[in-house]
Each structure stands twice: as C-alpha cells, then as structure tokens.
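K.L.:
Here the protein sequences line up with chains A and B, keeping their order.
With our numbering, you'll find the first sequence wraps up at 388, consecutive numbering, no jumps.
With our numbering, you'll find the second sequence wraps up at 1283, consecutive numbering, no jumps.
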Amino acid sequence: MSIYIQHYTLTSALGIGLDAMRAALHSGSSGLRAEPWPDCDVPCYLGRIDALDQLVEALPAERRSRNNALVRLELDQDDLRPAVAEAVARYGSDRVGLVMGTSTSSIDRTEAAYRELDADGAFEPRFRQPHTHNPHAPGDFAAAELQLRGPRLTVSAACASSAKVFATAQRWLSQGLVDAVVVGGADTLCLSVIYGFHSLQLVSPEPCRPFAPDRNGISLGEAAGFALLTRDRGHSSLALLGAGESCDAHHMSSAHPEGLGARLSMERALASAGLTMAQIDYVNLHGTGTRANDETEGKVCGELFGPSTVASATKGWTGHTLGAAGIVECVLCLEALRSGVLPGTRNTVAAEAPFELLLENTQREITTALSNSFGFGGNNCSVVFAAQ
Amino acid sequence: MKIDVLGAGVWARNLTGVSALQALLTGTPANPQIAFEAPRPEAIAARERRRAGLMINLAVTVAHEACERSELPVAQPGSVFTSAMGDTAITDYMCRKLAAPEKLLSPTKFHNSVHNAPSGYWTISAGNRAPSSFVGGFRESFGAGLLEAASQALAAQEPILLVASDIACETPFDSIEPVRESLGLAIVLAPAGWRAQGPVLTRATLTFAATERPDAQAPQHPWLAALAEANPSGAGLALLERLYTQEQAPADSTESVRTPQRAPLKIKAAPEAQLTVEFEAVP
C-alpha cells in the first residue's frame, strides 16, 4: 500500500527550514565548521545549529534541553503546525499518531545536570525533569506540542532511528490503526557523542569526506525533521513505497564485514516497495566517512545497484546527525524527487566506490529514491520513496 | 489487532523465570528479604558477556526464555525492546565521566550507551537478523511497546518478541524517577492462528483508545503488584499474571481449564491512552 507524504520540513546545519537548506545546497555551502564546542578539546568539524543556544530557556521548565529546543524550533518551520492541525481537524486527534526517532534524546540536559549535582549527589531542582531525562523525551514533547492523542512512541535504534519511523508509520497506516502519522527525528550535539566517537577513534579532524580514498572519519552534526504521512493521497505527488529493516547479528559497533545486514535491509525495502534495485534511480547512502563503513556499504551497493542507479553521501553537508540522520536523508530524497536536483557528495574530490557516486549536485529527473541508515547494535533500515 | 501469545520470560526478585512465576501464582510465598539475583545469560558469548551490564543481561535472559517457552528458534522472531528510563547505569557512567576534566570514555561503554544495546546483544547472541527496534514511551513504555510489537507481528505475519526492562536506579536518578527494583519481562506474540502446532497461551484482541483517564490494572498478586509499583516495565506483569494463572475450575469439575482469566485487561499506552486486551480461548 502506498502512503503519501503530505508535508515535510528539515532543520540542520544547512539552515533552519527548507528554504535555508535549499539555498545552502544551491550555493554549495556545507554546514560543517571547525568552531570549538564548549568544554571540548576534540579536534573536529561540527554541523551545529547556533540558534539553539538561545532557545533552551524559553521552553517550559520541565522540557528544557537543547534537544527539545531543536524539536520546538523545527515544529515551527515550513507551516508544519498548520498542516498537522488540518490533519487533526480532518481525522480527529486520536487518529493521528506520532513516531519520533532519536539517539541522544535529551542526554545533553542530563550531562548538564551531572555538572551541577548537589551536595547529596542529587539533581539540582531545575534539573529534576523526569519527562526530559529519558529516551522518549522528544516524542513525548512533540506529541504534547502538537496536541496529538493517537499512538505515540520514540524509536531509539542509534543511527537508524529516524529511518525506522517510516517503517512504523507505514504499518500503522496500512493496518488502519491511525489515519495520519507525524514522523520525525531529532538529535543534538553533546559531549556524549563527541567524546564517544572520539573514544572509538572515528572523529575526523577535518570535514568528513565519504567514500574518498583518504577518508578518515566522521563529522558530527545536529538536526531535526518531520513529515506528515497519510493513506489518503490528497494533492501529494510523493509516496512512501516501502521500508526494510534488519540486524547484522555481528558486533555492537562494527558493521558485518560482508555487509549482510545492509544487504538484507535494502532487499527487504525493495520487496516492501515491490521494486527491483534496477528500478531505483537515486540512493542516498549512509556514507559516514569512516574507512570500514563506507567500504562495506560500497561493496554491497556495487553488487546490488542497477546500471542506471546513481548515489551520493550527504554527511559532508550536514554532518552525521546520528538519530536524526534518517529523517535528514529521507527529506533529501524527497527534495531530490521534487526538484530534480540530486545532492552531491560534499567534500569528496575523488570517489572510491564500485558504482556511480555523484560528487557534484546534479540535475536529473528521478521517480524513485532509496535512503540507507545503519547504526550501532548492527541495526539497519532502508526506505523507498517515489514521485507519482 | 488480533494476536496469539506464544510464551513469556521474566526475571526479577523472587521471580527468576516463568517457573518461579507459576510457583508464586499457585501459592508459594514470595520472600521479601531475598536479594536480587543478577541474571547471567549463557547465550551471550564470553567475549560479549564481559562487556554486558545488568540492563543487557536482564533483557537477553528474558528474551531467550520467552523464545524457549514459545518453542521458537531464537534466530526467527523480529523484536521490539522497550524501557522507561533506558540503561541508567550506563547513563550515569557517561555523564560522570563527561563531568570530569579528562572526559575519558570507554569505547565499549559508549557503544553500550545506545538504547538499542540490549537489542544488539540479543541479536548477536541469537544469530537473529530479523528487524529489531527499541521504542520508548516513558512510564507507558510497556503499552507502547506492546502496540508496536502487535503491529509488527501483523505486518510481517511472523512472531515478534517484545522485551521490557528497567533497572533499579541510584542517585541521582532516584531524585527524578525512582526505580527501586530491577525487572525484565518478555512475551512472544504472533498473528492469531499463525501457529498450527506448538504452545499458544492465549488469543487476544488489542484495542487502542485515547481517553482522558486511562485505566491501568495492577497485578492482583501482592508481590507482582509490589514489583509493578517499583518498576515501570512491571506494567507487563499484569499481562503475565493473566497468561499463567490457571482459572479456578468449577467445584463440580474434575479438571482445571487451561485458559487465562477472561476479564479484559487495561494497560496504559500513553499518558492519555489505553490498550484494552480482550482474551479468548484458542480453538
């Protein structure tokens, strides 16, 4: 069953809202910068959203965190709230579900609380925010902000989180559990992720360059995005055709060397969409910029891609936004379907890939696109969209 | 959503497996003085076991028990993991290290800090490449996870393993959301009628409804009720109690009837939503 995308929006280091993102992509401005992160001495480039620093205190006390500030900022973009309100008016608030993806949730706030523990080792009163220090924080907050009363949950499957939200939404809509679903993702920069990936020696001191022969790691970023999905077609010309999920069953932080999970994820997504790989025009790769990840994904894609399939890896534009990477790259696929401009692989000058990797933004009309998101825990998800 | 429940697993204080649950439900008293026994899942390879903490061990232990009791190969079912608070021991480690000047993190602890770490260890221990997810719903995590697991089972027309776990928290988490007991539980559910042969505990219809005042039923057994009070994942104990309670046979009958109590069960699925579970006998 086709599911239709009625609305979408994105905020990342490329800009707040879609217009800012389109302008940055058009002018070739990457969101990655070398500015230092507070209290952090890891040499790195970050895809940072500067506006967030000022927005945390404006939230209700119980919700204050950088991640929730990003959720609210992004809910305010591109007329998302009116679009959701219209769906609520049409279907009823209990018939609109919400599925959020995150990896960090509001750990930024928990880190801050630990820097100021009281004499007994407890949280200071202003940090006593049960609804914020838990994995469901962004979904809980977004549902409250949008006044939704349908089923809601927050998917946290590392870097596959906000790709998997499309799989859940598709099931809920196909089964008639709801009539519309708001899917989204939000992850913010924090010490946990910068020092965490640094401990694995995966943070590049330079802007990341996915699939470059001399690539040397990731650049982290922060982002949030939302999409409104329905069974009714309405005036939409963009469809969610299918999604595939899999696990490597191999290692917590290293991909299966033969890319078995990645292959299963793409094959299941294609089966769900009723397409073959030869029918996929464009693939937005997971493409993190680490030596091992790109090699594995490249190998599997080289074996699977059809003769006319082209691909790009876009983390050189936005940084790796972890739990938000799925929604970022799904929105980039939707943008490519809508505009006929495929984003290039920013920062990569020469590609080491057994398929056609687009280095520059490329004008090309496409009708199908697939996005890959692979995460820790060997968790993989691929999502297929089409212009109809 | 019409599903069959195939089997379950559980681990908590006085509740080290479904046999302990059955003993409790047939009158063996719970010893409130007994200490929590940390589970040691043999299924996790030695290399991984060294790296796994309580949250992971709890989830993996009950996942394996639920598959075993369902007579299902561990490599088969997709899975949904859920927790109100996630692994607060790992969160505590990360945040303490990051509040110190050196900020040196163990790479193993870092990769264990993703909320889907129990899912990762489970899939590795089971050689399972089916879809697996972690879903959070804070205090209503069990209900949210049950809804998602049932939806996945119906979509895939395959059994799905649901695992809920939370661990007892220490300072400073006790100042915001006290979890006083560690508890993991799991059920395997499948589309109604999926299985021609093998164990089926009950058939059930799940209905989601938004409501101002959702009704959540506590377990009837006092020890289970105490655990459910002390651990948000314990919301699933009311369901496990129904699954493994032998209905009292009428006085004039000579055999007990192997069906769970029939009264519908209500589980919170969001602050203002409930899931109603209506049971029926399996033909």
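Just so you know, even glycine gets a beta-carbon here, dropped at the ideal spot from N, CA and C.
1) Alpha carbon to alpha carbon, how far is residue 1142 of chain B from residue 248 of chain A?
2) Buried or exposed, going by whether 16 or more other CB atoms sit within 10 Å of the CB of residue 1 of chain A?
3) To which residues does DSSP link residue 8 of chain A through a beta bridge?
4) Considering only residues of the region 1053 to 1091 of chain B, which uninterrupted beta strand (DSSP E) runs meet the minimum length of 3 residues and lie entirely inside it, listed in chain order?
5) In three-state terms, what does DSSP make of residue 177 of chain A?
6) What in chain A is Cβ-close to residue 1158 of chain B, meaning under 9 Å?
7) Nearest to residue 166 of chain A by alpha carbon, out of A:331, A:295 and A:27?
8) Taking residue 1103 of chain B as the query, report the chain A residues whose CB atoms sit under 7 Å from its CB, ordered along the chain.
9) I want to see whether chain D comes within less than 8 Å of residue 1128 of chain B, judged by CB atoms only; does it?
10) Please give the ranges of any beta strand (DSSP E) in the region 275 to 302 of chain A, keeping only runs that are unbroken, at least 3 residues long and fully inside the region.
11) Would you mind sorting residue 1104 of chain B into buried or exposed? The rule is 16 or more other CB atoms within 10 Å of its CB.
12) Residue 398 of chain A by DSSP, collapsed to three states: which one?
13) Which ranges does the alpha helix (DSSP H) cover as unbroken runs of at least 4 residues, wholly within the region 1117 to 1148 of chain B, from first to last along the chain?
14) How about residue 1010 of chain B: is its C-beta nearer than 8 Å to some C-beta of chain A?
15) For residue 158 of chain A, which option in A:377, A:218, A:41 and A:93 has the closest C-alpha, if you only look at C-alpha atoms?
16) Note down, in chain order, every chain A residue with its Cβ under 8 Å from the Cβ of residue 1169 of chain B.
17) Where are the alpha helix (DSSP H) runs, 4 residues long or more, that stay fully inside the region 202 to 274 of chain A, in chain order?
18) Since residue 103 of chain A and residue 65 of chain A are thought to touch, with beta carbons under 8 Å apart, how far apart are those beta carbons, to the nearest angstrom?
19) Please classify residue 1224 of chain B as buried or exposed, where buried requires at least 16 other C-beta atoms within 10 Å of its C-beta.
20) Hey, does residue 297 of chain A have any beta-carbon neighbour from chain B nearer than 8 Å?
21) Could you name the residues of chain A that residue 1058 of chain B contacts, counting a contact when the two beta carbons are closer than 9 Å?
22) Which residue or residues does DSSP assign as beta-bridge partners of residue 1278 of chain B?
23) What number of angstroms, rounded off, separates the C-alpha of residue 1257 of chain B from the C-alpha of residue 1155 of chain B?
24) Is the shortest distance between the beta-carbon of residue 1154 of chain B and the beta-carbons of chain A less than 8 Å?
25) Can the beta-carbon of residue 33 of chain A be found less than 8 Å from the beta-carbon of residue 46 of chain A?
26) In chain order, what residues of the same chain lie with their CB nearer than 8 Å to the CB of residue 97 of chain A, ignoring the 5 residues before and after it?
27) Which chain B residues sit within Cβ distance under 7 Å of residue 245 of chain A?
28) Within 8 Å (strictly less), CB to CB, does residue 156 of chain A reach chain B?
29) Candidates B:1158, B:1220, B:1239 and B:1168: which alpha carbon is nearest residue 1078 of chain B's?
30) Shorter than 8 Å from the beta carbon of residue 1064 of chain B to some beta carbon of chain A?
31) Have a look at A:296, A:80, A:347 and A:27 and flag the residue whose alpha-carbon is nearest the alpha-carbon of residue 227 of chain A.
32) How big is the Cα-Cα spacing for residue 276 of chain A and residue 270 of chain A?
33) For the alpha helix (DSSP H) holding residue 319 of chain A, just list the boundary residues, first then last.
34) For a cutoff of 8 Å on Cβ pairs, would you count residue 1124 of chain B as touching chain A?
35) Between residue 238 of chain A and residue 49 of chain A, which are expected to be in contact by the criterion C-beta below 8 Å, what is the C-beta distance as a whole number of angstroms?
36) With a cut-off of 8 Å on the beta carbons, I'd call residue 1279 of chain B and residue 1202 of chain B a contact; round off their distance for me.
P.N.:
The relevant details are as follows:
1) 26 Å
2) exposed
3) A:227
4) 1078 to 1082
5) coil
6) None at all; the shortest Cβ gap to chain A is about 12 Å.
7) A:331
8) 191 and 195
9) Looking at the structure shown, chain D is missing, and the protein chains on hand are A and B.
10) 282 to 284
11) exposed
12) Past the boundaries of the shown model lies residue 398 of chain A; chain A is included only from 1 to 388, so the question cannot be answered.
13) 1117 to 1126
14) no
15) A:377
16) By Cβ distance, chain A contributes nothing, its closest Cβ being about 10 Å from residue 1169 of chain B, past 8 Å.
17) 260 to 273
18) Not a contact, Cβ separation roughly 14 Å.
19) buried
20) no
21) Per Cβ cutoff of 9 Å: no residues; residue 1058 of chain B is ~16 Å from chain A at best.
22) B:1205
23) Note that residue 1257 of chain B scores a pLDDT of 44, beneath 50, so its modelled location is shaky; the value from the coordinates is reported in the next line. Roughly 32 Å between the two C-alpha positions.
24) yes
25) yes
26) 148, 150, 151, 152, 169, 172, 177, 178, 180, 181 and 182
27) 1131
28) yes
29) B:1158
30) no
31) A:80
32) 6 Å
33) That residue, residue 319 of chain A, is in no alpha helix (DSSP H); it is neither H nor E in DSSP.
34) yes
35) Residue 238 of chain A to residue 49 of chain A, Cβ: 25 Å. No contact.
36) 5 Å
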